[in-house]
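Mapped onto my numbering, the consecutive letters of the sequence shown carry residue numbers 266 to 747.
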Amino acid sequence: MELTKLTALELGERLRSGEVSQAEALAAARARIDACQGETRAFLTVLDDPAPAPDLAASPLAGVPMAYKDNICTRGVRTTCASKILGDFAPPYDATVVERLTAAGAVSLGKLNLDEFAMGSTTETSFYGPVRNPWDLTRVPGGSSGGAAAAVAAGMVWYAIGSDTGGSIRQPAAYCGVTGMKPTYGTVSRYGLIAYASSLDQMGPIARSAADCAAVLDLMQGKDRRDATSLDVPAGSLLASLTGDLRGKKIGIPADCFGEGLDGEVRAAVLAAAQVLKGRGAQLEEFSLPIMEYVVPAYYIIACAEASSNLSRFDGVKYGWRAEGYEDLTDLYNRTRTEGFGSEVKRRILLGTFVLSTGYYDAYYKKALQVKAVIKEAFDRAFEQYDLLLLPVSPTTAPRLGESLSDPLKMYLSDIYTVSVNLAGLPGLSMPCGFDSQGMPIGAQLVGPALGDAAVLNAAHAYQLDTDWHTRSPSLKGGDGK
266 MELTKLTALE LGERLRSGEV SQAEALAAAR ARIDACQGET RAFLTVLDDP APAPDLAASP
326 LAGVPMAYKD NICTRGVRTT CASKILGDFA PPYDATVVER LTAAGAVSLG KLNLDEFAMG
386 STTETSFYGP VRNPWDLTRV PGGSSGGAAA AVAAGMVWYA IGSDTGGSIR QPAAYCGVTG
446 MKPTYGTVSR YGLIAYASSL DQMGPIARSA ADCAAVLDLM QGKDRRDATS LDVPAGSLLA
506 SLTGDLRGKK IGIPADCFGE GLDGEVRAAV LAAAQVLKGR GAQLEEFSLP IMEYVVPAYY
566 IIACAEASSN LSRFDGVKYG WRAEGYEDLT DLYNRTRTEG FGSEVKRRIL LGTFVLSTGY
626 YDAYYKKALQ VKAVIKEAFD RAFEQYDLLL LPVSPTTAPR LGESLSDPLK MYLSDIYTVS
686 VNLAGLPGLS MPCGFDSQGM PIGAQLVGPA LGDAAVLNAA HAYQLDTDWH TRSPSLKGGD
746 GK
């Protein structure tokens, strides 16, 4: 029995029954990290001596090794956001999700690589070097949670916690052939997540299966007095709601997401997934969602505006890296931020500052907020007719390293099918649905109405009961999946 081929829930069951010990699970994970870290660079920090779970009955995932994206605060453990400006910063507190998962017996193996401050779609903007896709080391793993997706795909951990501002869980999950869930905004506390765009950011799980994601979310979600945007949702019911029954469910397929710009192999794989869902009892119907041309510009204006505000706190005064040889306070700010931030972060801060400036606020930021409201209304109308929507995650499979960085606009457009979900605050899930002719994974995206997380997870679970795409693993020698 190869432990790293198991789902998180399967390993948790073996740990509880005594068939597998925590020491054996940790040894298996450590062996995979030793074997794959040099090739993938998925981790930024690997913990030498992770604390074992004291009670294997604490949850279905107690004792299962996992890891956190490195923009999630972990007390006493280096948290860099993959940026020079945070250096060796070790937070004095845990994020709420870390507290809750630790109480449920999570065993953290460390912190995972990402695009700097979660700004990117390829995990190439990390100050510490790019992550490589385990299916093909010449390709990107997606971003910004690329380290999390790569670590799960390579079997280095059984699940990981990422963050999703405009697709940063779902897109890397699609590129790496794993399952990733962005929950409804507010169902998971953002306390302890180092902010990129506060109105869009949401943490969620990346794992092999939808059932694993449901089990993780059961432990994460719920009201938190330290996050005023968190919702008082019932915890612990998602895994139990996975029946796989889709009879009577109506799934809308937005024709606007299957037209020009979508790779033919991706289109075919996602539409084939629709037929599997139909076989499970769902009704399919094509419809029009005429908002797609507006989602990317609206998203980047809003996200960059919030980033310019959120990242103003990184100035070299209280924590993180500080430039040397400055003359006064203003010079300290200028030198620290100039030398500490990478080019993509600077680009987004400048864009955000511009759209918030006098004379441009009304023309750009205010109008983007109005478009955001229109996007939400369009989804509301769609969910009056449909229980769920099915669409692609990305226009193509994973590009080669360096291709996206040479054309930032092309990188931004790769988010066209994911950013609208964040703008509307909806739950979205990426599930593996095939491979292209180059052996690269393809992901299909399920989107539900606000607080429809259970329905999204159940549909993905139903699909995975009848397919085996989510069970396949890369060889790290070209991705034959054997």
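Each residue gets a CB set at the ideal place from its N, CA and C atoms; glycine is no exception.
Just reading off the beta strand (DSSP E) that A472 is part of, what are its end residues? Q467 to A472
Nearest-angstrom Cα separation, counted from Y728 out to T367: 31 Å
The ligand MN and S740: does the residue's C-beta get closer than 6 Å to at least one heavy atom of that ligand? Looking at this structure, you won't find the ligand MN or any other ligand, since it has none at all.
For the beta strand (DSSP E) containing D429, name the first residue and the last one. Y424 to D429
Looking only at its own chain, which residues have a Cβ that is under 7 Å from the Cβ of T508, when we skip the five neighbours before and after it? N723
Do the CB positions of V561 and I681 come within less than 7 Å of each other? yes
For R600 and Y629, I'd like the C-alpha separation in whole angstroms. 29 Å
Excluding the 5 residues flanking Y456 on each side, which residues of the same chain have their C-beta closer than 7 Å to its C-beta? A360, T361, D489, R491 and D492
One or two residues paired with E550 in a DSSP bridge: G517
Could you check if F579 is buried or exposed, using at least 16 other CB atoms within 10 Å of its CB as the buried criterion? buried
Measuring alpha carbon to alpha carbon, tell me which residue in R646, D701, A638 and S373 is nearest P664. D701
Between which residues of its own chain and S679 is the CB-CB distance below 6 Å, once the five residues before and five after are set aside? S386 and S659
Proximity below 7 Å, CB of V396 to CB of R473: no
Along the chain, where does the alpha helix (DSSP H) containing T367 start, and where does it finish? T361 to A368
Looking only at its chain, what residues have a beta carbon closer than 8 Å to the beta carbon of P673, apart from the 5 residues adjacent to it on each side? E609 and R612
For the pair the segment 419-435 and the segment 540-556, tell me if three or more CB-CB distances fall below 8 Å. no
Mind checking Q467: buried by the 16 CB within 10 Å criterion, or exposed? buried
Coarse secondary structure for L656, derived from DSSP in three states: strand
Hey, how far is the Cα of A273 from the Cα of A479? 11 Å
Assuming I434 contacts S410 (C-beta within less than 8 Å), just tell me the rounded distance between them. 5 Å
In whole angstroms, give me the CA-to-CA distance for E530 and A318. 43 Å
Could you tell me if K447 is buried or exposed, where buried requires 16 or more neighbouring beta carbons within 10 angstroms of its beta carbon? buried
So for D313, helix, strand or coil by DSSP? coil
Kindly list the residues whose CB is nearer than 6 Å to the CB of G746, restricted to its own chain and excluding five residues on each side of it in sequence; keep chain order. Residue placement at G746 cannot be trusted, given a pLDDT of 38 that sits under 50; what the coordinates show is reported in the next sentence. So the qualifying residues of the chain are R737.
Whole angstroms is fine: what's the gap from E551's alpha carbon to R545's? 18 Å
Kindly confirm or deny that the segment 311-329 and the segment 571-589 touch, where touching means at least three C-beta pairs closer than 8 Å. no
Evaluate G283 with the Cβ neighbour count: other Cβ atoms within 10 Å of its Cβ, from every protein chain shown; 16 or more gives buried, anything less gives exposed. exposed
Enclosing alpha helix (DSSP H) for L711 [first to last residue]: Unbroken run through L711 is the beta strand (DSSP E), P706 to V712; no alpha helix (DSSP H).
Per-residue DSSP class, three states only, for P325: coil
Reducing DSSP to helix, strand and coil, say where A383 ends up. helix
Express the C-alpha separation of G524 and K334 in angstroms, rounding to a whole number. 34 Å
When the Cβ atoms of the segment 706-715 are set against those of the segment 647-661, are three or more pairs found closer than 8 Å? yes
Taking T390 as the reference, which of A415, K349 and A371 has the closest Cα? K349
Going along the chain, which residues of its own chain have a beta-carbon closer than 8 Å to the beta-carbon of I640, five neighbours each way excluded? I556, Y559, V560, A563, S685, L688 and A689
Kindly give me the distance between the Cβ atoms of L666 and V405, rounded to whole angstroms, as I take these residues to be in contact under 8 Å. 6 Å
Among L576, A572, L527 and G513, which one has its Cα closest to the Cα of Q548? G513
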